[in-house]
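>
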Amino acid sequence: MSRAADLDRFYDLLADLSDRVGGARRLKDCTGYMDWPDRGVYVFLAPGETRADSNEPRVTRVGTHAVSAGSGTSLWDRLKQHYGTGDGSSDHPHGGNHRGSVYRLRVGEALAERYDLRGEYPDWGTRWSGVERERDAVRDGEYPLERRVSTYLRDQPFLWVGIDDEPGPDSDRAFVERNAIALLSNRDRPAVDPRRDVWLGRDSRSPAIRASGLWNVDHTDESYDPAFLDTLAEAVARTDGV
Numbered sequence: 523m524s525r526a527a528d529l530d531r532f533y534d535l536l537a538d539l540s541d542r543v544g545g546a547r548r549l550k551d552c553t554g555y556m557d558w559p560d561r562g563v564y565v566f567l568a569p570g571e572t573r574a575d576s577n578e579p580r581v582t583r584v585g586t587h588a589v590s591a592g593s594g595t596s597l598w599d600r601l602k603q604h605y606g607t608g609d610g611s612s613d614h615p616h617g618g619n620h621r622g623s624v625y626r627l628r629v630g631e632a633l634a635e636r637y638d639l640r641g642e643y644p645d646w647g648t649r650w651s652g653v654e655r656e657r658d659a660v661r662d663g664e665y666p667l668e669r670r671v672s673t674y675l676r677d678q679p680f681l682w683v684g685i686d687d688e689p690g691p692d693s694d695r696a697f698v699e700r701n702a703i704a705l706l707s708n709r710d711r712p713a714v715d716p717r718r719d720v721w722l723g724r725d726s727r728s729p730a731i732r733a734s735g736l737w738n739v740d741h742t743d744e745s746y747d748p749a750f751l752d753t754l755a756e757a758v759a760r761t762d763g764v
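Residues are numbered in our numbering as their position in the sequence shown, beginning at 1, plus a constant of 522.
1) Could you work out which residue in Gly723, Val739, Leu675 is closest to isoleucine 703 when comparing CA atoms only?
2) Does the separation of the CB atoms of histidine 616 and arginine 695 fall below 9 Å?
3) Return the bridge partner residues of arginine 700 from the DSSP annotation.
4) Rounded to the nearest angstrom, what separates valine 660 and glutamine 678 at their Cα positions?
5) In the DSSP assignment, find the unbroken beta strand (DSSP E) run with leucine 580 in it and report its ends.
6) Give the C-beta separation of tryptophan 650 and leucine 667 to the nearest angstrom, bearing in mind that I take them to be a contact with Cβ-Cβ under 8 Å.
7) Could you check which residue in Leu722, Val584, Asp747 has the C-alpha nearest to that of leucine 681?
8) Exposed or buried, glycine 684, counting other C-beta atoms within 10 Å across all chains shown (16 or more means buried)?
9) What is the DSSP secondary structure of tyrosine 533, counted as helix, strand or coil?
10) When the Cα atoms are used, what is the spatial distance from glutamate 664 to valine 764?
11) Compute the Euclidean distance between the alpha carbons of serine 734 and aspartate 662, then round it to the nearest angstrom.
12) Using only the alpha-carbon positions, how far apart do glutamate 688 and leucine 597 sit?
13) First and last residue of the beta strand (DSSP E) that includes glycine 663?
14) Starting from leucine 633, trace the alpha helix (DSSP H) in both directions and tell me its first and last residue.
15) Would DSSP call valine 565 helix, strand or coil?
16) Just checking, does the segment 593-608 make contact with the segment 700-717 on the three C-beta pairs under 8 Å criterion?
17) Between glutamate 578 and tyrosine 533, is the Cβ-Cβ spacing less than 9 Å?
18) Along the beta strand (DSSP E) that carries leucine 681, what are the first and last residues, could you check?
19) Leaving aside the five residues before and after histidine 620 along the sequence, list all residues of the same chain whose C-beta is less than 6 Å from its C-beta, in chain order.
20) According to the Cβ coordinates, are aspartate 528 and leucine 751 closer than 9 Å?
21) Reducing DSSP to helix, strand and coil, say where arginine 547 ends up.
22) Please state whether DSSP places glutamate 469 in a helix, a strand or coil.
23) Taking the straight line between their C-alpha atoms, what separation do you get for serine 611 and tryptophan 558?
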């Protein structure tokens with residue numbers, strides 16, 4: 523089958539998944555008290571963006587967790603890293619830690635580029651081992667941008683599918699994530715479902731994000747194995763709402 527046909531099947535599976543879980547959610551409406559599956563794959567959707575030939579929301583990021591052997595990270599643990607801090611955080615309410623979430627990192631970079639803020643956040647994206655200033659001072663200085671990242675991410679609709687296999691790079695979760703990214707990516711290939719000019723990712727510092735149309739870097743230049751769609755279909759059939 524062609525890539526276009528495989529994309530159609532992928533989005534059909536997402537439509538089925540949306541029906542099964544009661545529709546896409548936004549992080550701003552979610553808590554850890556909801557009945558999340560222990561492990562799974564999630565996809566974020568771009569508000570206001572649809573596929574080129576339908577009204578289906580376009581996928582803008584694919585992610586999973588616990589792909590290292592022995593990892594105990596849950597699906598909600600990963601989503602909470604993207605969500606950031608709540609209003610109960612005494613120091614930085616509604617902020618976050620972009621050093622613990624690549625998604626936050628990349629969105630922050632793009633916001634800084636779009637609004638000419640790069641000079642205000644010289645350590646953004648630098649590992650703590652490379653930051654010479656006191657960490658508390660860096661956190662305080664980065665807080666306004668962390669808040670802007672939280673505002674952006676918490677309004678992105680997302681869907682999730684439960685895939686509860688053992689952590690590891692050969693897990694079904696890793697297989698689905700890797701191949702979904704490769705299928706969706708427009709990097710180094712004819713564009714399908716081209717991204718709108720206003721999409722924030724167009725201001726990313728990463729050529730892979732700008733070219734792929736996804737908030738992903740890894741796997742965007744790889745070929746995909748269509749068999750992942752069968753694995754995804756089986757997982758969708760087992761997934762219920764939270």
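C-beta: ideal position from N, C-alpha, C; glycine also.
On the basis of the data shown:
1) Nearest of Gly723, Val739, Leu675 to isoleucine 703, Cα basis: Val739.
2) In this structure, arginine 695 does not lie closer than 9 Å to histidine 616 by Cβ.
3) Partner(s): none; arginine 700 has no beta bridge.
4) Using only the alpha carbons, I get a separation of about 27 Å.
5) Inspection of the sequence shows that residue 580 is occupied by arginine rather than by leucine. Note, arginine 580: beta strand (DSSP E), 579-585.
6) The beta carbons of tryptophan 650 and leucine 667 sit about 17 Å from each other, so the pair does not count as a contact at 8 Å.
7) Closest by C-alpha distance to leucine 681, out of Leu722, Val584, Asp747, is Val584.
8) With 16 or more Cβ atoms within 10 Å of its Cβ, glycine 684 is classed as buried.
9) Helix at tyrosine 533.
10) Whole-angstrom Cα-Cα distance: 33 Å.
11) The alpha-carbon atoms of serine 734 and aspartate 662 are separated by roughly 33 Å.
12) Rounded to whole angstroms, glutamate 688 to leucine 597 spans 13 Å at the Cα level.
13) Glycine 663 -> not in any beta strand (DSSP E); alpha helix (DSSP H) instead, spanning 657-675.
14) Residues 624-636.
15) For valine 565, the secondary structure class from DSSP, reduced to helix, strand or coil, is strand.
16) The segment 593-608 is not in contact with the segment 700-717.
17) Taking 9 Å as the Cβ cut-off, glutamate 578 and tyrosine 533 qualify as a contacting pair.
18) Where leucine 681 is concerned, the enclosing beta strand (DSSP E) starts and stops at 679-684.
19) If you ignore the 5 residues before and after histidine 620, its C-beta comes within less than 6 Å of the C-beta of Arg626, Leu627, Gly630, all in its own chain and listed in chain order.
20) Yes. Within cutoff.
21) Arginine 547 falls in the strand class under three-state DSSP.
22) Nothing about residue 469 can be read from this structure; the chain reaches only from 523 to 764.
23) If you take the alpha carbons of serine 611 and tryptophan 558, they lie about 23 Å apart.
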